[in-house]
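Read the structure below first, then the notes.
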Amino acid sequence: MKTNKYNAKKTIIDGIEFDSRTEAKRYGELKILERGGIISGLTLQPRFTVFEPFTKHGKKRRAITYKADFMYQEDGKTIVEDVKGFAARDFPLRRKLFDGKFPDLILRVITLKKGAWEEI
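Mapping to numbering that gives the first Met the number 0: the sequence shown position 58 is 57, numbers consecutive.
What follows is the structure, given as structure tokens:
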């Protein structure tokens with residue numbers, strides 16, 4: 000398997016290619032939670048436009064998007080989940096834009112530390 004700039008190894012589970020082994024591990028756990036009825040509606044890589052495209056002085060500016068790893072329903076709430084080894088440099092800005100545009104969605108950012116999931 001090929002590695003990316005963060006040395007994450009792409010991993011395939013259920014015919015789905017994940018960007019890292021950690022993300023693939025989380026997918027497996029979420030599938031178990033879904034089968035157990037704890038979560039529902041698991042979707043992969045939902046994409047959100049956090050800032051709309053615009054034109055200024057005749058120059059077009061592209062939208063700013065955010066692609067999470069997972070989205071699901073838990074206890075009547077919509078959870079958008081991102082698995083991170085560490086946050087990319089632009090992530091705090093994207094998170095603020097996401098939170099401002101989608102106040103009803105819960106953005107859960109987690110990492111795997113010492114074998115347990117931890118929210119960051």
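Idealized CB from N, CA, C, for every residue including glycine.
What you are looking at is a predicted structure, and each value in this text was computed from that prediction instead of being measured.
Query	Result
Quick one: Cα of Arg107 to Cα of Leu96, how far?	15 Å
Of the choices Asp98, Asp74, Ile109, whose alpha-carbon is the least far from that of Thr48?	Asp98
Ala87 to Ile119, Cα distance in whole Å?	13 Å
Out of curiosity, what's the CA-to-CA distance linking Asp81 and Arg94?	11 Å
Going by beta carbon distance, what residues of the same chain come within less than 8 Å of Glu16, once the five residues before and after it are set aside?	Lys9, Thr10
Near Ala23, what residues of its chain come up, given a Cβ to Cβ distance below 7 Å and the 5 sequence neighbours on each side ignored?	Thr10, Ile12, Phe17
List the endpoints of the continuous beta strand (DSSP E) containing Leu121.	Examination of residue 121 is not possible in this model, given that the chain is present from 0 through 119 alone.
Could you check what DSSP says for Ile109 in three-state terms: helix, strand or coil?	strand
Report buried or exposed for Ala67, applying the criterion of at least 16 other Cβ atoms within 10 angstroms of its Cβ.	buried
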